[in-house]
Every structure is written in C-alpha cells, then in structure tokens.
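A.B. asks: Here it is, the structure in full.
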Amino acid sequence: MATFVLVHGGFYGGWGWQRVARLLRADGHEVYTPTLTGLGERSHLLSRSITLDTHIQDIVNVLVYEALRDVILVGHSYGGMVITGVADRLLDRIALLVYMDAHIGANNKSALDVLAGGTGDTLDDMSETQSDDDQWLLPPLPPDATGIVSPEDLAFIADKLTPLPLAALSHKLRLSHDIPRCLPHAYIRCTDRSGMLKYFPNDPLTPFYAQIAAEPGWTIRDIPSGHDPMITHPRELAATLSELAQSAVHA
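Terminal number for the sequence shown in our numbering: 1383, no gaps in between.
Dropping the structure here:
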C-alpha cells in the first residue's frame, strides 16, 4: 500500500480531501492531509508574512517529522507549486509527484508569472473587492467556477473556504533541481473547463496543459469534472490516485 500526502490548493484546507482520503484509507493506504499556514483550520495564523516558502516548509515538516519516505505527493491547483518546492528539498523521499489540475512551477517563476494571459488581472480585480485593509488577500473563487453546483457539495464547503495571501502567488519558486523531470511525475486533467471560462478570459491552466502535452515523461490521466474533483468526483479521483500509485510501485 502507498503513503499519500495530499496538498490542497488556495482557499481550502486539509478538510477538502476528506472524501478522497476516506476512500484511499479504506483501500489500505496511509494518507496525510495537512493544512497550509493561514488556511482552513489554520486561518487564525493568517498574516502578511505568509509566502510560497511558508507553505513549502509546512509540507517539508510533515514529511520530516512523520519520517515519511516513498511518498506519493499530490498537489491540487496552487498546491502544485508547493509540491514542486517540497520535492526540490526532499528528493530522496518522493516516489511520485502528482499534479491534480495544478500549477507545475518553474525556477525563478511565481504562480502569477506562468498563469494564462489575463488571469492576473482577473485575480487583481477579485482582490480589489476586499476592503482596503484586506487587498493583500485573494477571496475564494465562486463555487461554480470550480464545478461545485450540487446542494450537497455546496453544503459541504459552506463557510469553510478561506482567503489566500496574494504573496503566495507572487512569490517566486527557487529550485536547485530539475523538478518535476528528475522524479516520476503525473498530471490529472479536469476536463470540464466551463466553470473557469465563465470567470476568466482564458483558462488559467492552459500553459500547464500545453507543457505536459509537449514534454516527454508525463503520465496523464483525465477526470470529467471541474477544477475541484476532490469535492465533486471523489471516487473517480481516489481510483485514479490508487492506479497511479500502483504503477509507481511497480515501475
């Protein structure tokens, strides 16, 4: 059985993985769902000092203090930037990197540097809807932007989404290794893009979809969902993660 560390994206916390983690554990896997500083149940720690490096260190500490090795490290959305940074620091502990509809990250680039054209302007507009004192924060996306529309799913996320410090998106990633190419790496595409295109002039993840199509070495899987399948399609996502983990073990 595999050891998974599931890293959420912006606005979520470890709670967002509950449905997927339950299914993976039922199959015998070991699953960790840490929450990044300032988000979820750690929102009381929210501060202007939080950057991408803060969140990378959060997950580095999980692997180190839990003495985890041969980890299937999964990052969703912004969490992809985080797992790239973690892998750079802990190469020998990672069995597989899985980017789930995620930023991949590149040396000396921030998340805002590599998102599709127009995305940064849209995010700036969203932050400006905050009060003057809170414009350093990005408010959560509308649920339908990420494919969450059913009453059950809306009830599950209600009152749990939290703002993301813009510094996490503007902070540049610093890498010493050729991540993800020096490790086994996979990408899960969420193929229903209608929600994102409702709010953004271009799909924010277009550059990453182009990257995985152009580069050799990617294992690619598709899920017929919006951006948040851990909420809307947990069974499909858990099955895909299990299959990827099994393939990594037998590679």
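Cβ atoms here follow ideal geometry from the backbone N, Cα and C, with glycine treated the same way. Predicted model only: the values in this text are computed from it and were never measured.
Out of curiosity, what's the CA-to-CA distance linking G1146 and L1138?
C.D. replies: Taking the first residue of the sequence shown as 1, we reach residue 1146 at position 14. Taking the first residue of the sequence shown as 1, we reach residue 1138 at position 6. Approximately 8 Å between the Cα atoms of the pair.
A.B. asks: So for E1375, helix, strand or coil by DSSP?
C.D. replies: Residue mapping note: residue 1375 aligns to position 243 of the sequence shown, counting from 1. Three-state DSSP puts E1375 in a helix.
A.B. asks: Could you tell me the alpha carbon to alpha carbon distance between P1312 and T1338, rounded to whole angstroms?
C.D. replies: Numbered from its first residue, the sequence shown carries residue 1312 at position 180. Numbered from its first residue, the sequence shown carries residue 1338 at position 206. Taking the straight line joining both Cα atoms gives about 18 Å.
A.B. asks: What residues in its chain sit with their C-beta under 7 Å from that of R1367, if we drop five residues either side in the sequence?
C.D. replies: If you number the sequence shown from 1, residue 1367 lands on position 235. Correct list, in chain order: L1155.
A.B. asks: Just the C-alpha distance for P1166 and Q1189, rounded to the nearest angstrom, thanks.
C.D. replies: The residue labelled residue 1166 in the question sits at position 34 within the sequence shown. The residue labelled residue 1189 in the question sits at position 57 within the sequence shown. Distance between the alpha carbons of P1166 and Q1189 is about 12 Å.
A.B. asks: Take T1186 as the anchor and find which of G1141, N1240, L1247, A1300 has the nearest alpha-carbon.
C.D. replies: As a working note, residue 1186 is residue 54 in the sequence shown. The shortest C-alpha separation from T1186 is found at A1300.
A.B. asks: Which residues share a DSSP beta bridge with M1232?
C.D. replies: In the sequence shown, residue 1232 corresponds to position 100, counting from 1. BP columns for M1232 point to H1208, I1320.
A.B. asks: Going by other Cβ atoms of all chains shown within 10 Å of its Cβ, with 16 needed for buried, is I1352 buried or exposed?
C.D. replies: The residue labelled residue 1352 in the question sits at position 220 within the sequence shown. With fewer than 16 Cβ atoms within 10 Å of its Cβ, I1352 is classed as exposed.
A.B. asks: Using alpha carbons as the reference points, say which of H1235, L1195, A1234 lies closest to I1226.
C.D. replies: As a first step, residue 1226 must be located in the sequence shown, where it is residue number 94. Closest option to I1226, judged by alpha-carbon separation, among H1235, L1195, A1234: L1195.
A.B. asks: Taking C-beta to C-beta, are A1134 and A1377 nearer than 8 Å?
C.D. replies: Along the sequence shown, read from residue 1 onward, the residue named residue 1134 stands at position 2. Along the sequence shown, read from residue 1 onward, the residue named residue 1377 stands at position 245. Yes, these two residues count as a Cβ contact at 8 Å.
A.B. asks: In the DSSP output, which residue or residues are listed as bridge partners for K1241?
C.D. replies: Taking the first residue of the sequence shown as 1, we reach residue 1241 at position 109. DSSP output for K1241 lists L1305 as bridge partner(s).
A.B. asks: Among residues of its own chain, excluding the 5 on either side of H1317, which ones have a beta-carbon nearer than 8 Å to its beta-carbon?
C.D. replies: Here residue 1317 is taken as the residue at index 185 of the sequence shown, counted from 1. Here the set comprises L1228, L1229, V1230, Y1231, G1349, W1350, T1351.
A.B. asks: Can you tell me where the alpha helix (DSSP H) holding F1288 begins and where it ends?
C.D. replies: Along the sequence shown, read from residue 1 onward, the residue named residue 1288 stands at position 156. Element bounds for F1288: 1283–1289.
A.B. asks: Count Cβ pairs between the stretch 1284–1301 and the stretch 1173–1181 that sit closer than 8 Å; are there 3 or more?
C.D. replies: yes
A.B. asks: Any idea which residues DSSP pairs W1350 with across the strands?
C.D. replies: Mapped onto the sequence shown, residue 1350 falls at position 218. DSSP, once it has assigned bridges, lists H1317 as partnering W1350.
A.B. asks: Going straight from the alpha carbon of V1281 to that of P1336, what length do you get?
C.D. replies: Stepping through the sequence shown from its first residue, residue 1281 is reached at position 149. Stepping through the sequence shown from its first residue, residue 1336 is reached at position 204. Each residue's alpha carbon lies about 20 Å from the other.
A.B. asks: Find the nearest neighbour of V1163 within the set Y1144, R1201, R1180, S1179, judged by alpha-carbon distance.
C.D. replies: Against the sequence shown, residue 1163 aligns to sequence position 31. Nearest of Y1144, R1201, R1180, S1179 to V1163, Cα basis: R1201.
A.B. asks: With DSSP run on the structure shown, which of helix, strand or coil describes P1385?
C.D. replies: Here the chain covers residues 1133 to 1383 and nothing more, so residue 1385 does not appear.
A.B. asks: Suppose contacts are defined by Cβ-Cβ distances below 8 Å. Is L1270 in contact with L1298 by that definition?
C.D. replies: By one-based count along the sequence shown, residue 1270 stands at place 138. By one-based count along the sequence shown, residue 1298 stands at place 166. In this structure, L1270 sits near L1298, with a CB-CB distance shorter than 8 Å.
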